[in-house]
Amino acid sequence: MSPILRTVNLTKRFPGVIANEDVNFDLVAGEIHCLFGENGAGKSTLSSCLFGFYQPEGGGLELRGEPVKFRSPRDAIHAGIGMVHQHFVLVPDFTVLENIVVGTHENGWKLNLDEARGRVEDLCREYDIDLDPNATVRNLAVGQQQWVEILKALYLGAEILILDEPSAVLTPEESIRLFRIINHMKELGLSIVLISHKMVEVMQSDRVTVLRKGKVVDTVRPGEVTPKELTRMMVGRDVELRVIRDRSAEGAAAPETVLVVDNVSYRDNRENLALDQISLTIGKGEILGLAGVSGNGQKELFEILSGILIPESGNVTLADERIEGLPSRQYMDRGVGLVPDDRFREGLIPEFDIQENMILGWQRHDDYTQGPFLNQKQIGTIAEGLIDEFQIKTPSATTPVNHLSGGNAQKVILAREFVHSNKLLLANQPTRGLDLGVIEYVYKQIIAKRDEGFAVLLASEELEDLLNLSDRIAVISGGRITGVVDPENTSIEEIGLLMAGERKEAAE
Amino acid sequence: MTSIERDTGAPRPITRIRIEPRVNRKPIWTFSMYLAATLFGLVLSALLLWTSGADVIKAFSALLNGGFGSQKALVATLAKATPLILTGLATVVAFRAQVWSIGQEGQVYAGAMGAYTGYLMLAGLPPALYIAGIILCGMIGGAVLGALAAILKDRFDVNEIISTVMMNYLIVFLLSYLIGGGPWTEVSTSVVYQQTAPISEAAQLPALFGSSKLHLGFGFAIVAALVCYVVLDKTPLGYEIRAMGYNPVALAYRGTNIGRTIVLVMILSGAIAGLAGVSEIFGTAHRLRSDTLFNLGYTGIIIGMIGGLRPLGTVVAGVIFGGLSSGALYMKLLAQVPAALVPAMEGILMLTFLCAGVAARYKIVRVQTDG
Numbered sequence: 000m001s002p003i004l005r006t007v008n009l010t011k012r013f014p015g016v017i018a019n020e021d022v023n024f025d026l027v028a029g030e031i032h033c034l035f036g037e038n039g040a041g042k043s044t045l046s047s048c049l050f051g052f053y054q055p056e057g058g059g060l061e062l063r064g065e066p067v068k069f070r071s072p073r074d075a076i077h078a079g080i081g082m083v084h085q086h087f088v089l090v091p092d093f094t095v096l097e098n099i100v101v102g103t104h105e106n107g108w109k110l111n112l113d114e115a116r117g118r119v120e121d122l123c124r125e126y127d128i129d130l131d132p133n134a135t136v137r138n139l140a141v142g143q144q145q146w147v148e149i150l151k152a153l154y155l156g157a158e159i160l161i162l163d164e165p166s167a168v169l170t171p172e173e174s175i176r177l178f179r180i181i182n183h184m185k186e187l188g189l190s191i192v193l194i195s196h197k198m199v200e201v202m203q204s205d206r207v208t209v210l211r212k213g214k215v216v217d218t219v220r221p222g223e224v225t226p227k228e229l230t231r232m233m234v235g236r237d238v239e240l241r242v243i244r245d246r247s248a249e250g251a252a253a254p255e256t257v258l259v260v261d262n263v264s265y266r267d268n269r270e271n272l273a274l275d276q277i278s279l280t281i282g283k284g285e286i287l288g289l290a291g292v293s294g295n296g297q298k299e300l301f302e303i304l305s306g307i308l309i310p311e312s313g314n315v316t317l318a319d320e321r322i323e324g325l326p327s328r329q330y331m332d333r334g335v336g337l338v339p340d341d342r343f344r345e346g347l348i349p350e351f352d353i354q355e356n357m358i359l360g361w362q363r364h365d366d367y368t369q370g371p372f373l374n375q376k377q378i379g380t381i382a383e384g385l386i387d388e389f390q391i392k393t394p395s396a397t398t399p400v401n402h403l404s405g406g407n408a409q410k411v412i413l414a415r416e417f418v419h420s421n422k423l424l425l426a427n428q429p430t431r432g433l434d435l436g437v438i439e440y441v442y443k444q445i446i447a448k449r450d451e452g453f454a455v456l457l458a459s460e461e462l463e464d465l466l467n468l469s470d471r472i473a474v475i476s477g478g479r480i481t482g483v484v485d486p487e488n489t490s491i492e493e494i495g496l497l498m499a500g501e502r503k504e505a506a507e
Numbered sequence: 000m001t002s003i004e005r006d007t008g009a010p011r012p013i014t015r016i017r018i019e020p021r022v023n024r025k026p027i028w029t030f031s032m033y034l035a036a037t038l039f040g041l042v043l044s045a046l047l048l049w050t051s052g053a054d055v056i057k058a059f060s061a062l063l064n065g066g067f068g069s070q071k072a073l074v075a076t077l078a079k080a081t082p083l084i085l086t087g088l089a090t091v092v093a094f095r096a097q098v099w100s101i102g103q104e105g106q107v108y109a110g111a112m113g114a115y116t117g118y119l120m121l122a123g124l125p126p127a128l129y130i131a132g133i134i135l136c137g138m139i140g141g142a143v144l145g146a147l148a149a150i151l152k153d154r155f156d157v158n159e160i161i162s163t164v165m166m167n168y169l170i171v172f173l174l175s176y177l178i179g180g181g182p183w184t185e186v187s188t189s190v191v192y193q194q195t196a197p198i199s200e201a202a203q204l205p206a207l208f209g210s211s212k213l214h215l216g217f218g219f220a221i222v223a224a225l226v227c228y229v230v231l232d233k234t235p236l237g238y239e240i241r242a243m244g245y246n247p248v249a250l251a252y253r254g255t256n257i258g259r260t261i262v263l264v265m266i267l268s269g270a271i272a273g274l275a276g277v278s279e280i281f282g283t284a285h286r287l288r289s290d291t292l293f294n295l296g297y298t299g300i301i302i303g304m305i306g307g308l309r310p311l312g313t314v315v316a317g318v319i320f321g322g323l324s325s326g327a328l329y330m331k332l333l334a335q336v337p338a339a340l341v342p343a344m345e346g347i348l349m350l351t352f353l354c355a356g357v358a359a360r361y362k363i364v365r366v367q368t369d370g
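Okay, here's the thing in structure tokens:
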């Protein structure tokens, strides 16, 4: 079958980096084609070129055999290409229908909602999407909001649909429903480009193009390769993280317990039970991995363990002292460090410079003050030292952190939390969005802390990483711990089942 | 992200001009923007004067001479600037923390009333102590009103804009009652003026430079500006105030009590605004009346904004507007400019200054598009 959309030696450069180099990619009508690669491999850049958001510097696009040039997404939309972004572009207070129609200007400036409603209802029926056009978007679940995005694209006549990491924000159940819709759309003749770095989704697609460092490694059929081979193609080597794995030697001789979480429950402000009787322990020099689809209670758990939220019931014991309900200040003073998952929102003051961020939370500490004043000289010296130690690439200690790359900004948080804590390290998605080199660095630092005797709670969406690093892995789903497994004697499949909510009885 | 929003669907040509914040702002650019704003404001004002039939040149030279032309004029300018600098600083402290307090107006009144209470209750103390006590009472008055809004915000999530505006009304009416028939009203033979009896000499703020207009209040304004500068830039509290303004979430995540910080901010802001009330009543008017205090707080918001929410910038902005309002009197007298045009000119200048503030912070860029 001839390709409906194709790139020929497509090259896209950004100042200093080649994001896509000589990329040859083709999409056959009626297939699900997965773009697979790590963060920064060039998946998003490629899809942005396909959608006309970027214009390639070299090579070009062919649509149904004809060379085309998209000057903007508008051109791409006219050509029948739709894109669903990872972050939704919806007006929360509008209805589903209004969100779909807004900005289309199909009847000039006049709005004809009734006609539009009919078309939206037809689309819903055709693609088997169960959605009320009159529902307000704010009241929809995340998965349903995604359907609205998909409907938006379909309403504009998309025949090619680009989905950017569509399951990143979904629960397992929502993902399954999404893939049912995607498969149905495929049967009806739509062509789908699926961007993902999740193995499960990759294996469900018809073909996979693996990208690494902006280049195409290969295009294969999932049935013809093993997940392991795909991973190797993606990373470019056998997953090296295994090399740095070196479990704590004293792991065998039951380590002394640092943190005990006992039957902790928490209700969010919408009265949903976000955490349901969570019990965990972490020992000295132990890394407890936390696996789960994001949004299943990880954030609430981390916030409770760092004193930002107060649990509804249950106990938190740190080094034999009950600490639930204390303010976060007290947790910090007792040696708990937190690497939050939303680093620029929760971990940093973006407008502040590096040295100011290095003391965030410790601005009243004796080390950084002199009488009533901040001791700028001392702060500067300590910051310089940390910049060296953590290899933060920056012109100076007084550079605002919003000028830093994600990796360097993350290192600022790591440096701060590492020097100010001494017992427990909470790391929620510490490597999200970082380059592989930085990821390895972050993990090495976490391992070094473990070897110093820290108890570490590490949440990650990368199961491979958890398997490599953790002494034990707890799986969270729907606010419950569905099982605690030993990485030596488990499989991705087992963890996957636990993530989907199947409980493991007689967990250790 | 905004571009994506704009680009999906709309069949209009894509916008090729975008407004972006400036990175690495150069002081010279900021300065020239304000210079341009001044000139533009003066041109617009000149047009306004011209339409009213006044002699534009004569009017402007009267304005300049009246504001800055002589030592006497300068002293009058600084006296006018004193309360504006103080209310401006009160704005700086609150707004830097992104606490949108509009309560400076009420806090000025509360400060004056607190000080007047102190004046009545502390009579008989040794002179220096008496004045110090009065000043302290004034600051407490402003601080209490400020803290009230902060506590409402912290405990009950009451929007500070609404609570402060409402309290402005409350406090003004409370003063109206107290001096318009209530216990503080001046006892005169037949008519009731909206004022108290004159304040005894022992309680008046001492004059500076032997002038009849400039008094110790100006010293307070300068000291307050220095204190604000040091607190904001050099102390842990200032660090927390600035951090809260930028990202309260991260600050709270790392152990700082946001509610407590808001209360501290409003106490500080209220105390400074209260000082403006003390200064006007005990330094200038020498009796408590409401028209002397009117609008000082609202103008202070603009002064603080024009000063770039920086203490020293606020002093400069306060002096410029002090000069404008003292020069305006001369303009009215010498160039027969209708009185109503003076606040109109002030308004024009405020608008152009605010535009300059935006122009200094943002730039317009052309978005590159291929093909």
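Going line by line, the protein sequences match chains A and B.
At the far end of the first sequence sits residue 507, using numbering that gives the first Met the number 0, and the numbering has no gaps.
At the far end of the second sequence sits residue 370, using numbering that gives the first Met the number 0, and the numbering has no gaps.
No residue lacks a Cβ here, since even glycine has one placed at the ideal position from N, Cα and C.
What you are looking at is a predicted structure, and each value in this text was computed from that prediction instead of being measured.
Please report how far the alpha carbon of residue i lies from the alpha carbon of residue j, in whole angstroms.
i, j, result
"residue 123(A)", "residue 150(A)", "8 Å"
"residue 326(A)", "residue 146(B)", "22 Å"
"residue 229(B)", "residue 148(B)", "25 Å"
"residue 352(A)", "residue 91(B)", "21 Å"
"residue 413(A)", "residue 454(A)", "15 Å"
"residue 200(A)", "residue 35(A)", "10 Å"
"residue 265(B)", "residue 105(B)", "13 Å"
"residue 170(B)", "residue 343(A)", "41 Å"
"residue 428(A)", "residue 340(A)", "5 Å"
"residue 68(B)", "residue 323(B)", "12 Å"
"residue 202(A)", "residue 380(A)", "51 Å"
"residue 346(B)", "residue 47(B)", "12 Å"
Starting from the Cα of residue i, find the closest Cα among the options and give me that residue.
i, options, result
"residue 333(A)", "308(A), 359(A) and 304(A)", "304(A)"
"residue 279(B)", "305(B), 209(B), 121(B) and 110(B)", "110(B)"
"residue 215(B)", "274(B), 38(B), 314(B) and 171(B)", "274(B)"
"residue 221(B)", "311(B), 129(B), 27(B) and 285(B)", "311(B)"
"residue 49(A)", "84(A), 72(A) and 32(A)", "72(A)"
"residue 284(A)", "262(A), 296(A) and 257(A)", "257(A)"
"residue 212(A)", "43(A), 295(A) and 264(A)", "43(A)"
In this structure, how does DSSP classify residue i when only helix, strand and coil are distinguished?
i, result
"residue 48(B)", "helix"
"residue 254(B)", "coil"
"residue 42(B)", "helix"
"residue 5(A)", "strand"
"residue 428(B)", "No answer is possible for residue 428(B): it lies beyond the span of chain B, which begins at 0 and ends at 370."
"residue 118(B)", "helix"
"residue 378(B)", "Residue 378(B) falls outside the range modelled here, since chain B spans only 0 to 370, and no answer is possible."
"residue 10(B)", "Residue confidence is low: residue 10(B) scores 39 on pLDDT, short of 50, so the model does not pin down where it sits. Its coordinate-derived value is still stated next. In the structure shown, residue 10(B) sits in coil (DSSP, three-state: anything other than H, G, I, E or B)."
"residue 506(A)", "Any reading at residue 506(A) is ruled out, since the residue's pLDDT is 43, under 50, leaving its predicted position unreliable."
"residue 24(A)", "strand"
"residue 265(A)", "strand"
"residue 316(A)", "strand"
"residue 292(B)", "coil"
"residue 394(A)", "coil"
"residue 364(A)", "coil"
"residue 162(B)", "helix"
"residue 30(A)", "coil"
"residue 387(A)", "helix"
"residue 354(A)", "helix"
For the ligand HEM, any of its heavy atoms closer than 8 Å to the Cβ of residue i?
i, result
"residue 342(B)", "Of the ligands one can find in the structure shown there are none, so the ligand HEM has no counterpart to examine."
Start-end ranges of the alpha helix (DSSP H) lying completely within the segment 309 to 335 of chain B, minimum 4 residues: 310 to 333
3-residue-minimum beta strand (DSSP E) runs that sit fully inside the segment 183 to 232 of chain A, ordered along the chain: 190 to 195, 206 to 211 and 214 to 219
Segments assigned alpha helix (DSSP H), at least 4 residues, entirely inside the segment 72 to 143 of chain A: 72 to 77, 95 to 100 and 112 to 126
Given 8 Å, three or more beta-carbon pairs between the segment 484 to 497 of chain A and the segment 307 to 326 of chain A: no
The segment 70 to 86 of chain B contacting the segment 314 to 334 of chain B, beta-carbon criterion three pairs below 8 Å: These segments touch.
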